[in-house]
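In the working numbering, the protein residues as written are 14 to 242.
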């Protein structure tokens, strides 16, 4: 199960069967992103339960409102107060739901984009159309339609670059470099931040485990980098 299917399950978990729930729980154990979503979903459920427990809905509300027409001003005040509380609870629940629906958008975008990058990285086990590169910096200047450059922490280091290519991932034109690090094939993706279908904060590093790969994504100035092992 990937992150996209997990989020569909989370939204409709009450309708899922046992086998799908087990697959979702197994995925949750290996994916920090989805584990965080599950925690937020559980927190929302608890918050709604607390709000509902504070003020139960009055029984026979319709009868009470009808009788209210014949009651004293004091009774009217009591009913009015109860209705205000019920409305307040309803508004509070709606606000929580609204805020929660806003949160997953960035998480979802990052998770789906990370999965797409990991899927492309898996192609390293197959013919991949990599071009041999003698001078990586010069090659980046020559082929990219934006000012592509290596990340700051790559400069001055000795990487054994195997090759590179230009590809499109989720409609984002991407520079893909492959090198060996500790004997392991590693992919470095360089993208224009304006084309990436997800938002990343400057200076913040995002770590996502997806499809058995560790994906590290961060933004430097106008470029987004993804390192996958």
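C-beta: ideal position from N, C-alpha, C; glycine also.
**Prompt:** Helix or strand or just coil, what does DSSP make of residue 33?
**Reply:** helix
**Asked** Can you tell me whether residue 241 is buried or exposed, with buried defined as 16 or more other CB within 10 angstroms of its CB?
**Response** buried
**Asked** Around the Cβ of residue 126, are there at least 16 other Cβ atoms within 10 angstroms (buried) or fewer (exposed)?
**Response** buried
**Own chain residues within Cβ distance below 6 angstroms of residue 193, not counting five before or after** = 173
**Asked** Of all the options 60, 147, 135, 21, which has the alpha carbon lying nearest to the alpha carbon of residue 106?
**Response** 60
**Item:** residue 239 versus residue 98 - alpha carbon distance
**Value:** 50 angstroms
**Request:** Would you identify the three-state DSSP class for residue 143, choosing helix, strand or coil?
**Result:** coil
**Request:** Output the distance between the C-alpha atoms of residue 225 and residue 63, rounded to the nearest integer angstrom.
**Result:** 38 angstroms
**Prompt:** Buried or exposed: where does residue 177 fall if 16 or more other Cβ atoms within 10 Å of its Cβ makes it buried?
**Reply:** buried
**Prompt:** From the DSSP output, which residues share a beta bridge with residue 174?
**Reply:** 192
**Straight-line Cα distance separating residue 16 from residue 40** = 8 angstroms
**Straight-line gap, residue 216 to residue 25 (C-alpha atoms, nearest Å)** = 35 angstroms
**Prompt:** Anyone know if the C-beta pair for residue 218 and residue 229 falls short of 8 angstroms?
**Reply:** yes
**Prompt:** Does the beta-carbon distance from residue 37 to residue 14 come in below 8 angstroms?
**Reply:** yes
**Request:** Starting from the C-beta of residue 205, find all residues in its chain whose C-beta is less than 6 angstroms away, skip the five residues before and the five after it, and write them out in chain order.
**Result:** 159
**Asked** residue 149 by DSSP, collapsed to three states: which one?
**Response** helix
**Request:** Please report how far the alpha carbon of residue 102 lies from the alpha carbon of residue 96, in whole angstroms.
**Result:** 10 angstroms
**Message:** Taking the beta strand (DSSP E) that residue 229 belongs to, which residues open and close that run?
**Reply:** 226 to 233
**Neighbourhood of residue 128 by C-beta distance below 8 angstroms, restricted to the same chain and skipping five residues each side** = 15, 16, 17, 223, 224
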